[in-house]
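Under the working numbering, the first residue of the sequence shown is numbered 61, with each subsequent residue one higher.
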Amino acid sequence: MKNFFIPTQQNKYKPYLLRKIALVAYSLLLVFVNSFGGVFGIDQAQASNITPSNIISLTNQERSANGLNTLKDNSKLAAAALAKANNMFEEQYWDHFGPNGETPWQYIRAEGYDYVYAGENLAKGFQTSEGVHEAWMASPTHAANIMSANYKDIGVAVVQGVLLGKQTTLVVQMFGNLTTEVASATTGATKITTSGGTVIGTEHG
61 MKNFFIPTQQ NKYKPYLLRK IALVAYSLLL VFVNSFGGVF GIDQAQASNI
111 TPSNIISLTN QERSANGLNT LKDNSKLAAA ALAKANNMFE EQYWDHFGPN
161 GETPWQYIRA EGYDYVYAGE NLAKGFQTSE GVHEAWMASP THAANIMSAN
211 YKDIGVAVVQ GVLLGKQTTL VVQMFGNLTT EVASATTGAT KITTSGGTVI
261 GTEHG
């Protein structure tokens, strides 16, 4: 065994593990690891720590800090958000409205959530929940959804996949209200600037 590691007379003072054939094997191993790291390791999109619970928590912290009611995690809105994210991957588009006329509202209604008010925020290409939230708050339309007094419920989906040839993470945030009752707001949203992925938002009611 020592001939593999220690120079001796038997290995002609060249440890086996330092010989040319061994070094070639090491190089091949490194190439294999680098080439297939996405299979055995964690790629860029999978490395994100974005979770629905974190997104909801950040949203409610923002609302609470500005005197608004917090939003309740709604399973129907979460299912609608997941369906929307999956559809974007299946149909390969990045928009509120799909190439075949799909709308955010049809996913919400399909889950049996008969809304009076509804809204949707989208994000892709971010690595953290905080990055997503900051980008939304830096955009007036997204911040308006997050800070809207029209909403009582929220549902979020975070899905990884290949979109338009690139591995990415999509975040779909849906808002809703089943009644016409609207909570009162004491202050507005605070704008925060950030950089990273891209976001789009819309409201319906």
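Note that beta-carbon positions come from the ideal geometry of N, C-alpha and C, so glycine has one too.
query	result
Where do the ends of the beta strand (DSSP E) carrying L230 lie?	K226 to N237
Starting from I115, trace the alpha helix (DSSP H) in both directions and tell me its first and last residue.	P112 to A125
Since G221 sits in a beta bridge, which residues does DSSP pair it with?	T228
Rounded to whole angstroms, what is the Cα-Cα separation between N147 and T240?	30 Å
From this set, N134, A178, W196 and Q220, which residue's C-alpha is nearest Y211's C-alpha?	A178
By Cβ distance, which residues of its chain are closer than 7 Å to A217, with the 5 residues on each side in sequence left out?	P112, A138, A141, L142, A145 and V232
Can you grab the Cα-Cα spacing for the pair W154 / T228, in whole Å?	12 Å
Quick check: the region 115–130 against the region 187–203, are at least 3 beta-carbon pairs closer than 8 Å?	yes
Nearest by alpha-carbon distance to N114: which of Q187, E162, V176 and E171 is it?	Q187
State the DSSP-derived secondary structure class of E171, mapped to helix, strand or coil.	coil
Rounded to a whole number of angstroms, what is the C-alpha to C-alpha distance between M234 and K136?	10 Å
For K212, does the three-state DSSP call read helix, strand or coil?	coil
Please classify N129: does DSSP put it in a helix, a strand, or coil?	coil
According to DSSP, what are the bridge partners of Y177?	N237
Look at the Cβ atom of Y175, then the Cβ atom of G236, and state whether they are nearer than 7 Å.	yes
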